[in-house]
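J.: Numbering (UniProt numbering), first residue to last: 1 to 323.
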Amino acid sequence: MYHDLQTLCFLLALLLPTKTSALPNFGSSASSLGSKISSIIPSLNPFWSSSSNPTLDARSYSPGSLAVNPNGTTFLWLPEDEYSGTILLFTLVADPTHGTVNFLNASDAFAASLAYVQDDGIVIMKGDNTTTLANGVNRNSVRVSSNKQYNTGLFILDINQAPWGCGVWPAFWTVGGGTWPLTGEIDIIEGVHDNEHNQVTWHTGPNCTLTPESNFTGTIVQTNGVNNTDCDGNLNENAGCGITEWSEASYGPFFDQSGGGVFAMKWDENGIAVYSFYRAAIPEDITAGSPNPTLENWGQPVAALAPGGCDPITNFVNHSIIL
Numbered sequence: 001m002y003h004d005l006q007t008l009c010f011l012l013a014l015l016l017p018t019k020t021s022a023l024p025n026f027g028s029s030a031s032s033l034g035s036k037i038s039s040i041i042p043s044l045n046p047f048w049s050s051s052s053n054p055t056l057d058a059r060s061y062s063p064g065s066l067a068v069n070p071n072g073t074t075f076l077w078l079p080e081d082e083y084s085g086t087i088l089l090f091t092l093v094a095d096p097t098h099g100t101v102n103f104l105n106a107s108d109a110f111a112a113s114l115a116y117v118q119d120d121g122i123v124i125m126k127g128d129n130t131t132t133l134a135n136g137v138n139r140n141s142v143r144v145s146s147n148k149q150y151n152t153g154l155f156i157l158d159i160n161q162a163p164w165g166c167g168v169w170p171a172f173w174t175v176g177g178g179t180w181p182l183t184g185e186i187d188i189i190e191g192v193h194d195n196e197h198n199q200v201t202w203h204t205g206p207n208c209t210l211t212p213e214s215n216f217t218g219t220i221v222q223t224n225g226v227n228n229t230d231c232d233g234n235l236n237e238n239a240g241c242g243i244t245e246w247s248e249a250s251y252g253p254f255f256d257q258s259g260g261g262v263f264a265m266k267w268d269e270n271g272i273a274v275y276s277f278y279r280a281a282i283p284e285d286i287t288a289g290s291p292n293p294t295l296e297n298w299g300q301p302v303a304a305l306a307p308g309g310c311d312p313i314t315n316f317v318n319h320s321i322i323l
């Protein structure tokens, strides 16, 4: 089975909560938002294996609704950072997952056309798919991370195509500085080989568990037939605690055929929640440039880690974004 290793990237926005100011107006269309807040997420031209294409209506947006803390206080999310074009940090490191890959630095990646920006602002990332290699020789590719580290935020990604394919292990994730897994890891998008469903996973030190108060639509990943609710990354062969979204629209060929979509991760003192919306179901507040992750606007998350079982502030510290 052959898979083209080209990757296609579009949008990343990071927002932080505020109690005082209103969100600025980014415009009324997705293209207007994309022209002002843009960044990168790797994706893959997949092997097409599904021809179904149902239509979903976008969720309605209630402009007057605010995000509400458990104590009743309200707040808005304001733009904090933008990653676009060549404002990228390329990591020249050995693959920590021990794959057969060489990650190039920025100059080599751009020279080899493994990373470039199109005239329309879309960022392309790709692995080398033209060189015939001998067995055991690693293939050139790219990996990027943020210079800045974060402690809470709302991360929103608009993806035209998501990574999928045999021999591929794509991921969009954040990881803490210091000794892994004591400062935490949040896997927002992760797929292995021909898997057609996204899995969200947390890796932490001890004393972090998924609890019944965590409301989400996905299914907890099991180990030996038992729900794996312990997020300790040192247990179960570093499995952490994972949640699978079984919708075929969450990842894989159907997601790509539907024009991609949006992944969002909300991380604050109220917990960590991950959402996914394929193209026809993206909430209007996101395309309007005023993302507002309330239950009314976005529904329940695909995966959620509640503070009752895991403190989202002390278990996740100084996180870098990695693609």
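Don't be surprised by glycine CBs; every beta carbon is placed ideally from N, CA and C.
From residue 350 to F103, what does the alpha carbon distance come to, in whole angstroms?
T.: The requested residue 350 is not part of the displayed model; the chain covers only 1 to 323.
J.: Mapping DSSP to helix, strand and coil, what is W77?
T.: Here W77 sits in strand by DSSP.
J.: DSSP on S250, reduced to helix/strand/coil?
T.: The answer is helix: DSSP assigns S250 an H, G or I state.
J.: A106: which of M125, A249, E80 sits nearest, CA to CA?
T.: Of the candidates M125, A249, E80, the one whose C-alpha sits nearest the C-alpha of A106 is M125.
J.: Closest to residue 350 by C-alpha separation, out of D285, A264, T209, D128, would be which residue?
T.: Because the chain in this structure spans residues 1 to 323, residue 350 falls outside the shown range and cannot be described.
J.: What are the boundary residues of the alpha helix (DSSP H) that F263 is part of?
T.: F263 -> not in any alpha helix (DSSP H); beta strand (DSSP E) instead, spanning 261 to 268.
J.: Determine the direct distance from the alpha carbon of I122 to that of K266, and round the result to whole angstroms.
T.: Taking the straight line from one Cα to the other gives about 24 Å.
J.: Can you find the residues in the same chain that come closer than 6 Å, C-beta to C-beta, to T211, ignoring five residues on each side of it along the sequence?
T.: These residues qualify, in order along the chain: A306, G308, G309.
J.: Check G308 in the structure and name its three-state DSSP category.
T.: In the structure shown, G308 sits in coil (DSSP, three-state: anything other than H, G, I, E or B).
J.: Could you give the DSSP three-state label for G167: helix, strand or coil?
T.: In this structure, G167 counts as coil in the three-state DSSP scheme.
J.: At the level of alpha carbons, what is the spacing between N321 and A171?
T.: Reading the sequence as shown, one finds Ile at residue 321 and not Asn. Taking the straight line from one Cα to the other gives about 11 Å.
J.: What would DSSP say about N105, mapped onto helix, strand or coil?
T.: Residue state, collapsed to three classes: coil.
J.: Hey, quick one: how far does the alpha helix (DSSP H) through D158 stretch, first residue to last?
T.: Where D158 is concerned, there is no enclosing alpha helix (DSSP H), although the beta strand (DSSP E) it sits in stretches over 153 to 159.
J.: Is it buried or exposed, I313, if we count other Cβ atoms within 10 angstroms and call 16 or more buried?
T.: Classification for I313: exposed.
J.: Within 10 angstroms of the Cβ of E185, are there 16 or more other Cβ atoms? Answer buried if so, exposed if not.
T.: With 16 or more Cβ atoms within 10 Å of its Cβ, E185 is classed as buried.
J.: My guess is that A273 and P301 are in contact by the Cβ rule of under 8 Å, so how many angstroms apart are they, rounded?
T.: Confirmed, about 4 Å.
J.: As an exercise, report each continuous beta strand (DSSP E) stretch of at least 3 residues that is fully enclosed by the region 106 to 155, in chain order.
T.: Taking only runs of at least 3 residues, the beta strand (DSSP E) segments lying wholly in the region 106 to 155 are 115 to 117, 123 to 126, 139 to 141.
J.: How would you label L295, buried or exposed, when you count the other beta carbons within 10 angstroms and need 16 or more for buried?
T.: Exposed, because fewer than 16 other Cβ atoms sit within 10 Å of the Cβ of L295.
J.: For a test of the three-state rule: what should DSSP assign to L323, helix, strand or coil?
T.: Coil.
J.: How far does the alpha helix (DSSP H) with I243 in it extend, from its first residue to its last?
T.: Taken as a continuous stretch (DSSP letters only), I243 belongs to no alpha helix (DSSP H), being part of the beta strand (DSSP E) at 241 to 244.
J.: By how many angstroms is the C-alpha of D120 removed from the C-alpha of G271?
T.: Cα-Cα distance, rounded: 36 Å.
J.: Let me confirm a value: residue 328 is counted as buried when at least 16 other C-beta atoms fall within 10 Å, else exposed. Which label applies?
T.: Coverage of the chain is limited to positions 1 through 323, which leaves residue 328 absent and any answer about it impossible.
J.: For the beta strand (DSSP E) that contains T201, what are its first and last residues?
T.: Unbroken beta strand (DSSP E) run through T201: 199 to 203.
J.: Thinking C-beta only, is P79 closer than 8 Å to residue 334?
T.: Look at the range of the chain in this structure, 1 to 323, and you will see that residue 334 is not part of it.
J.: Would DSSP call I282 helix, strand or coil?
T.: DSSP places I282 in coil when its eight states are reduced to three.
J.: Assign Q257 to buried or exposed, taking buried as 16 or more other Cβ atoms, counted over all protein chains shown, within 10 Å of its Cβ.
T.: The residue is buried, with at least 16 neighbouring Cβ atoms inside 10 Å.
J.: Are D187 and W173 closer than 8 Å when you measure CB to CB?
T.: Contact: yes.
J.: Please report the straight-line C-alpha distance between S32 and G289, rounded to a whole angstrom.
T.: Confidence is the limiting factor: at S32 the pLDDT is only 29, short of 50, which leaves the residue's position unreliable, though a coordinate-based value still follows. For S32 and G289, the distance between alpha carbons rounds to 8 Å.
J.: Is Q257 helix, strand or coil by DSSP?
T.: In the structure shown, Q257 sits in a helix (DSSP, three-state: H, G or I).
J.: CA-CA distance, G127 and T100?
T.: G127 and T100: Cα-Cα distance of roughly 11 Å.
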